[in-house]
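As structure tokens, the structure follows; a few thoughts come after it.
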Amino acid sequence: MTVVRVRRSAVIDAPVATVWALLRDFNAHDRWHPAVASSRLEGSRPVDQVGGVRAFRLKDGSFLREKLIGLDDRARRLTYCILEAPLRLDGYVATLTATPVTDGDRTFVEWVSRFDPPEAEAGRLTRLVAEEVYEAGLTALQRRFAPPVGAARPVAAANRPTVPAPPALRPLTSAGPQHSAFETVRTETAPPLSPVVPTVATDGAVRPSDDGEPTRPWGPNPAREEDGMEVFTVVRRAEIEATAVSGGRSADDGPRALAVARSATPLPRPVQAQGLAAPPSPGRPAAGAIEAQAIVVSRHGGPEVLVPATVSVPPPGPGEVRLRQTAIGVNYIDVYCRTGFFDLLTPPAVPGMEAAGVVVDVGPGVTHLAPGDRVAYACPPVGAYATARTMAAALVLKLPAAIDDETAAAVLLKGLTAEFLLHQVHAVRAGEVVVVHAAAGGVGVMLCQWASALGAAVIGTVSTEEKAALARRAGCDLVVVHGREPFSEAVLRATGGRGADVIYDAIGRDSFTASVAALAVRGHLVSFGQASGPVGAHDIGAFASKSATISRPNYGHYTADPEELRAMAARLFTVLAAGTVQPLISTRLPLSAAAEAHARLEARATVGSTVLTV
Amino acid sequence: MAKVFVSTVIGAPVGQVWPVVRDFNGLPAWTPFAAESRIEMGAPADQIGCVRNFSLKDGARLRERLLALSDYDFSMTYSILESPMGVEDYVATLALKPVTDGDRTYIEWTAEFRAPAGNDQELVTFIGQGVFHAALQALKQRFGG
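One line per chain: the protein sequences are A and B, in this order.
Going by this note's numbering, the first sequence opens with residue 1, and the numbers climb by one from there.
Going by this note's numbering, the second sequence opens with residue 1001, and the numbers climb by one from there.
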């Protein structure tokens, strides 16, 4: 047996903490290694979990799987082995080490490996590993971190401390005005709120990369399908305000007097806390205001920052409606609001964007709703986690008798998303081949059911066998389990080499390239989420090889017009009533247990929708 | 334990740098501060356990024991037996690695020790800057930077 050892090393002109932050991400190699086209971690594990397997494709088309078998942040050393490769790299174990060069604040990167190739191929394989993998990778790192031309790098002191610095965290700011239709007013002296510490502790939301872009907004969550969709990419203030304005609320209404009586302190309290025992609002309740029980995000943080409070709900102003709510939908965006990852909520404030209930009263100018109407909504601004609220009326929908409150609260947002994806972004026709990624997820199941009913041939992708069964029940003609084989090959084989007419992809970074590969000529890739991370920059010139269409729809842009929204809802309610699309509500909890609902959602302990009941 | 870590890159292949560094009796040949050196008991300079007894240009005298030497890893570990610095449990390692990109040498010099007098930071600075960094810069100059 021939044992080969390969060693390549280089000096990178950047501090070791910067270089290591990139290298230690076991799934980041498609961002820095020029030979890697796309990569994903099997089972959607954290990028730094030892035992994790990355399944990736090289630009030449070959497919490999490698396992992380050692990671050391102190020595800045990462060791991995090959599980599957098209070449005879038997027994391949490699180690990447980043060491500081204190003289100049640079980094020495060393890449070494050993493997046992067949004798006849030893020379070729050794050269391939040394040159096409290691040298090419190290050169790419040098270029990536090359200082701009003309920029002088400061020379650091010779004995820099060598404590491994954690990578810089992206600050989670929550500055800016409250975007709720209510102005939240603190009317008592509250304990000082904790500063918004950049935290990844409870949500794992933002994993920094060297350039500050969030690379793992879904952090260590083991299964992303349920919430892979990205319904509100609307995190920019201008867009939110545009929605509010188009929703019928004039921009200069001024602050509404919703006084949030903060219940005691923002300290963690038991989830089972009974009775929402806060005193009635001592603030300035508007004339005719009613009291409601609400769950307030006391500060950005983990589920424990969700605390009960009593709020005052003012009578509706022009264009507004006041609701008594009966069922509230819990969505992953609520977690992002709670943690501060999305800038849609400034604590203390009531989260939530989806609920159903009954109209109490309407303000001047509201004609499509009347007291006693059963209604539901799925739109910003936040404020749904309450027994009652006042909000802009334009996007509040009347419910038909066939749709019960819990169903509406559970499926409205996902169902409207499925509606515009299947009818507007791409109008699915009978006979088309439709691929749905994360087919067992909340939106995925509805897409499969509905597309199947439209007469399309549906191919679903999932991460596990259990989810495959769910996807089959949802109407998939073929289910591909990730990690078994590249899904693009399965799609091409199933279509006789033609590819898919449309691909609905909310996985994002890990699937984008493979999705393009699976498209038919003149196919349509609808990228509507990025559960695995941002899709990143792509050369649109490459799409000419298939005359591909790429769409990046935003929920807010398809649901902001009241007339269009009502037409969309009518189509959704029809298929729901007919049973063509069936909601899967797996978790019902009382409103007071919102913290537990969040904890379960983040632990991926739920399948299907979560509803809070009043 | 106080720790010192200093490293640099030398513009010569490891095969040329290592013979200079591996000579446990060779400090006067490449460092700017060592005046003369001998190995006690007439032992070979690469015998594990041997002690080098050397003086500095300022007259101070040190005794250090060779604990490990690897021509495979290009590394050398030694401890201080006697020195004017007032350190205890002092163990240092000099290690070289090839920089295959450009056929250069990465060299790092690390040390751990206790400072009973409580002047850890002062000693870290002195050893890091005054000893290791100064020596590595001299080595760098010797090979043309």
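All C-beta atoms in this analysis are idealised placements derived from N, C-alpha and C, irrespective of residue type, glycine included.
- prompt: How close, in whole Å, do the beta carbons of Ala37 (chain A) and Arg106 (chain A) come, if the pair is a contact with beta carbons under 8 Å?
  reply: Between the beta-carbon of Ala37 (chain A) and that of Arg106 (chain A) there is about 29 Å, and that puts the pair past the 8 Å contact cut.
query: Any beta-carbon of chain A closer than 7 Å to the one on Lys1100 (chain B)?
result: Sequence check: residue 1100 (chain B) is Thr here, not Lys. Taking Cβ atoms only, chain A reaches closer than 7 Å to Thr1100 (chain B), which makes this a yes.
- prompt: What residues of chain A sit near Glu1108 (chain B), judged by a beta carbon separation below 7 Å?
  reply: Residues of chain A passing the Cβ test: Thr99.
query: Val1009 (chain B) touches chain A at which residues, Cβ-Cβ below 9 Å?
result: Here the neighbours are Val11, Val101, Asp103, Gly104, Arg106, Phe108.
field: Supposed contact pair Ala514 (chain A) and Val433 (chain A) - C-beta distance, whole angstroms, cut 8 Å
entry: With 8 Å as the limit, Val433 (chain A) and Ala514 (chain A) do not qualify as a contact, their Cβ atoms being about 16 Å apart.
task: Report back the beta-carbon spacing between Thr1110 (chain B) and Val1017 (chain B) to the nearest angstrom; my notes put them in contact at under 8 Å.
output: Between Val1017 (chain B) and Thr1110 (chain B) the Cβ distance is about 17 Å, and since that is not below 8 Å, they are no contact.
query: Do Ala378 (chain A) and Leu412 (chain A) come within 7 Å of each other at the CB atom, strictly closer than that value?
result: In contact: Leu412 (chain A) and Ala378 (chain A) (Cβ atoms closer than 7 Å).
message: Buried or exposed, going by whether 16 or more other CB atoms sit within 10 Å of the CB of His538 (chain A)?
response: Flag for His538 (chain A) reads exposed.
field: Lys414 (chain A) vs Val382 (chain A) beta-carbon contact at 7 Å
entry: Going by C-beta atoms, Lys414 (chain A) is not nearer than 7 Å to Val382 (chain A).
- prompt: Between Arg31 (chain A) and Ser62 (chain A), what straight-line distance do the alpha-carbon atoms span, to the nearest angstrom?
  reply: Rounded to whole angstroms, Arg31 (chain A) and Ser62 (chain A) show a C-alpha spacing of 17 Å.
message: Buried or exposed, going by whether 16 or more other CB atoms sit within 10 Å of the CB of Thr610 (chain A)?
response: Its Cβ being crowded by 16 or more others within 10 Å, Thr610 (chain A) is buried.
Residues bridged to Pro1098 (chain B) [DSSP beta-bridge criterion]: Per DSSP, B:Thr1105.
message: Does chain A have any CB closer than 7 Å to the CB of Gln1016 (chain B)?
response: At a cut-off of 7 Å between beta-carbon atoms, Gln1016 (chain B) makes no contact with chain A.
message: Distance cutoff 7 Å, beta carbons only. Does Arg8 (chain A) sit that close to anything in chain B?
response: Yes, Arg8 (chain A) lies at the interface with chain B (some Cβ there is under 7 Å from its Cβ).
- prompt: Near Asp116 (chain A), which residues of its chain fall below 7 Å by C-beta distance, leaving aside the five closest residues on each side in sequence?
  reply: Excluding positions up to five away in sequence, the list reads Met1, Thr2, Val3, Asp90, Gly91.
task: Could you tell me which of A:Ser532, A:Val526, A:Glu563, A:Leu141 sits nearest to Glu552 (chain A), measuring between CA atoms?
output: The identity of residue 552 (chain A) in the sequence shown is Arg, whereas the question assumes Glu. For the residues A:Ser532, A:Val526, A:Glu563, A:Leu141, the minimum Cα distance to Arg552 (chain A) belongs to A:Val526.
- prompt: Which residue spans inside the stretch 483-509 of chain A form an unbroken alpha helix (DSSP H) run of at least 4?
  reply: Fully contained in the stretch 483-509 of chain A are the following alpha helix (DSSP H) runs of length 4 or more, in chain order: 487-494.
task: Please specify which runs of the alpha helix (DSSP H), each continuous and at least 4 residues long, are wholly inside the stretch 433-457 of chain A, giving them in chain order.
output: Runs of the alpha helix (DSSP H) inside the stretch 433-457 of chain A: 442-453.
task: Go ahead and pull the three-state DSSP assignment for Ala592 (chain A).
output: The sequence as given places Ser at residue 592 (chain A); Ala does not occur at that position. Ser592 (chain A) sits in a helix when the DSSP states are folded into three classes.
message: If you measure between the beta carbons of Val462 (chain A) and Asp477 (chain A), is that distance less than 7 Å?
response: Not a contact, by the Cβ cut-off of 7 Å.
task: At 9 Å on the CB atoms, spell out the chain B contacts of Leu138 (chain A), in chain order.
output: Below the 9 Å Cβ cutoff, chain B contributes Thr1100, Asp1101 as neighbours of Leu138 (chain A), in chain order.
Per-residue DSSP class, three states only, for Ser62 (chain A): Three-state DSSP puts Ser62 (chain A) in coil, outside helix and strand.
message: Need the endpoints of the beta strand (DSSP E) that Gln142 (chain A) sits in, please.
response: Run containing Gln142 (chain A): none in the beta strand (DSSP E); it sits in the alpha helix (DSSP H), 136-144.
- prompt: Taking the beta strand (DSSP E) that Arg45 (chain A) falls in, what are its first and last residues?
  reply: Looking at the DSSP string, Arg45 (chain A) is not in any beta strand (DSSP E), and its letter there is neither H nor E.
field: Short Cβ contact (7 Å threshold) for Pro583 (chain A) with Ala410 (chain A)
entry: Yes, Cβ-Cβ distance for Pro583 (chain A) and Ala410 (chain A) is below 7 Å.
task: Would you verify that the beta carbon of Lys1097 (chain B) is, or is not, closer than 7 Å to some beta carbon of chain A?
output: For Lys1097 (chain B), the closest Cβ of chain A is nearer than 7 Å.
message: In the DSSP output, what is Ala309 (chain A) paired with across the bridge?
response: Partner residues in the beta bridge of Ala309 (chain A), as assigned by DSSP, are A:Ala294.
- prompt: Who are the Cβ neighbours of Val1056 (chain B) in its own chain at under 7 Å, not counting the five residues just before and after it?
  reply: Reading off the sequence, residue 1056 (chain B) comes out as Leu, not Val. Setting aside the 5 residues that flank it on each side, Leu1056 (chain B) is surrounded in the same chain by Phe1033, Ala1034, Ala1035, each with a C-beta closer than 7 Å to its C-beta; the list follows chain order.
task: Could you tell me which residues DSSP puts in a beta bridge with His423 (chain A)?
output: Looking at the DSSP assignment, His423 (chain A) forms no beta bridge with any residue, so it has no partner.
query: In whole angstroms, what is the alpha-carbon distance linking Asp343 (chain A) and Ala17 (chain A)?
result: Going from the Cα of Asp343 (chain A) to the Cα of Ala17 (chain A) covers about 28 Å.
query: Hey, Gly372 (chain A) and Val358 (chain A) are a contact pair by Cβ (cut 8 Å); roughly how many whole angstroms apart?
result: Sure, about 7 Å apart at Cβ, within 8 Å.
query: According to the Cβ coordinates, are Asn1025 (chain B) and Ser1037 (chain B) closer than 7 Å?
result: Annotated as proximal: Asn1025 (chain B) and Ser1037 (chain B), with beta-carbon spacing under 7 Å.
Exposure of Glu466 (chain A), with buried meaning 16 or more beta-carbon neighbours within 10 Å: Classification of Glu466 (chain A): exposed, given that the 10 Å Cβ count is below 16.
- request: Compute the Euclidean distance between the alpha carbons of Leu58 (chain A) and Glu132 (chain A), then round it to the nearest angstrom.
  value: Between Leu58 (chain A) and Glu132 (chain A), the C-alpha separation is close to 11 Å.
field: Beta-carbon contacts of Ala595 (chain A) that lie in its chain and below 7 Å, excluding the five residues immediately before and after
entry: Within the same chain, Ala595 (chain A) has close Cβ partners Val271, Pro303, Glu304, Leu306.
- prompt: DSSP on Pro360 (chain A), reduced to helix/strand/coil?
  reply: The amino acid at residue 360 (chain A) is misidentified as Pro; the sequence shows Val. The answer is strand: DSSP assigns Val360 (chain A) an E or B state.
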